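Novice:
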Amino acid sequence: MNLVRSELLKIRTTSTWWWLGIGALLSIALAFVFNAWVVNETLSGNGESLGVTGEQATPAAQAANLYTSGQYLGLMFVMLIGILMVTNEFFHQTATTTFLATPRRTSVILGKLVAASLLGFAFWLVTTVIDLAAGALFLSLNDHGTLLGEWTVHRALLFNLLAYAIWTVLGVGIGTLITNQLGAVITAAVLYLIGTQVVGLLFLLLANWLDTMSVIKWQVIWPAAASQIMISGGESEMTPAWWVGALVLVGYALLSGVAGVLITRRRDIS
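Residues in the sequence shown are numbered consecutively from 1, following the UniProt record's numbering.
1) Would you tell me roughly how many angstroms separate the C-alpha atoms of A136 and W222, rounded to the nearest one?
2) Taking V38 as the reference, give the member of W17, T16, N65 and L84 with the closest Cα.
3) Once you ignore the five residues that flank N35 on each side, which residues in its own chain have a CB closer than 7 Å to its CB?
4) Going by beta carbon distance, what residues of the same chain come within less than 6 Å of I109, once the five residues before and after it are set aside?
5) Let me check understanding here. Comparing Cα to Cα, which of N46, M79, W243 and L255 lies closest to A156?
6) Using 10 angstroms around the beta-carbon of M79, count the other beta-carbons present and answer buried if the total reaches 16, otherwise exposed.
7) Three or more C-beta pairs under 8 Å: does that hold for the stretch 87-100 against the stretch 124-144?
8) Pull up the distance between the alpha-carbon of Y164 and that of L8, whole angstroms please.
9) Can the beta-carbon of G245 be found closer than 8 Å to that of G171?
10) Does the beta-carbon distance from A61 to T196 come in below 8 Å?
11) I need the DSSP call for T102, collapsed to helix, strand or coil.
12) Label S256 either buried or exposed according to how many other C-beta atoms from any shown protein chain fall within 10 Å of its C-beta, with 16 as the threshold for buried.
13) Straight-line CA distance for I231 to A224?
14) Could you tell me which uninterrupted alpha helix (DSSP H) segments, each at least 4 residues in length, are contained entirely in the stretch 102-182, listed from first to last along the chain?
15) Using the Cα positions of S117 and G183, report the straight-line distance between them to the nearest angstrom.
16) Give the straight-line distance between the Cα atoms of E89 and A188, rounded to the nearest whole angstrom.
17) Report buried or exposed for L20, applying the criterion of at least 16 other Cβ atoms within 10 angstroms of its Cβ.
18) Can you list, in chain order, the residues of its chain whose CB lies under 7 Å from that of A253, leaving out five sequence neighbours each side?
19) Can the beta-carbon of L132 be found closer than 8 Å to that of P59?
20) Taking buried to mean at least 16 other C-beta atoms within 10 Å of its own C-beta, is residue 295 buried or exposed?
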């Protein structure tokens with residue numbers, strides 16, 4: 001717990017988390033406006049024109065989407081926090097001091113993983129409270145009810161929490177793999193923002209080539225896509241069941257955590 005507290009202190013006493021927090025709030029505002037428009041159109045019977053069909057067109061599924069607004073960019077921000085928790089040690093040349101103070105490197109990385117997960121929980125809590133307040137007001141004013149009693153909404157909120165925790169863990173894993181701070185941040189951001197779009201396009205082209213839209217379901221192997229699918233309201237022709245996304249994301253988290261520990265234990269720190 002001393003290691004966890006020290007990691008939280010390192011983040012809390014810098015301005016980094018403020019900037020990332022502001023970015024997360026701005027992403028919520030933009031995403032909420034867009035999702036509110038999609039909800040209004042879908043529940044008015046225009047869902048097919050937006051590509052929203054099947055279980056995803058139900059009021060509960062749309063409410064779940066609204067109550068998790070801002071997840072896409074929010075996950076990137078918590079991933080960057082996880083990266084900075086590791087790369088800051090090398091950027092500010094404090095890695096040697098850290099590992100001399102705590103020779104058990106596994107304990108250091110586990111401390112960073114736990115601290116990262118707690119920060120992910122904090123980001124989730126703040127964003128969820130904002131989404132719940134704004135979403136309940138929007139749905140009530142449009143005579144849809146809050147829909148907060150639906151299991152689909154509860155599941156989306158819980159798995160959104162899991163996504164925030166996992167992406168901070170992924171960030172720590174990336175930081176152990178690429179210790180150069182600028183290189184790690186740029187690589188991760190590009191893969192997340194541009195890589196996700198490229199993967200989606202590739203699967204769409206493959207689906208057209210094979211003349212079957214079910215191929216698009218396989219984009220769940222990409223972690224950013226798995227996060228979105230995990231909190232979706234249900235299965236459709238182009239998206240697998242929510243539990244598939246959850247399993248994929250948990251797998252990435254376990255792989256990232258184990259890799260982070262093994263790499264750090266073998267790395268020469270000088």
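Just so it is clear, CB atoms sit at the ideal spot from N, CA and C, and this is done for glycine as well. Keep in mind the model is a prediction, meaning the values are calculated, not measured.
Specialist: The structure says:
1) 31 Å
2) The shortest C-alpha separation from V38 is found at N65.
3) Excluding positions up to five away in sequence, the list reads N65, L66 and S69.
4) G260, V261 and T264
5) W243
6) buried
7) no
8) 16 Å
9) Not a contact, by the Cβ cut-off of 8 Å.
10) no
11) coil
12) buried
13) 12 Å
14) 105-141 and 151-177
15) 23 Å
16) 18 Å
17) buried
18) I166, V169 and L170
19) no
20) A question about residue 295 goes unanswered here, because the residues of the chain that appear run from 1 up to 270.
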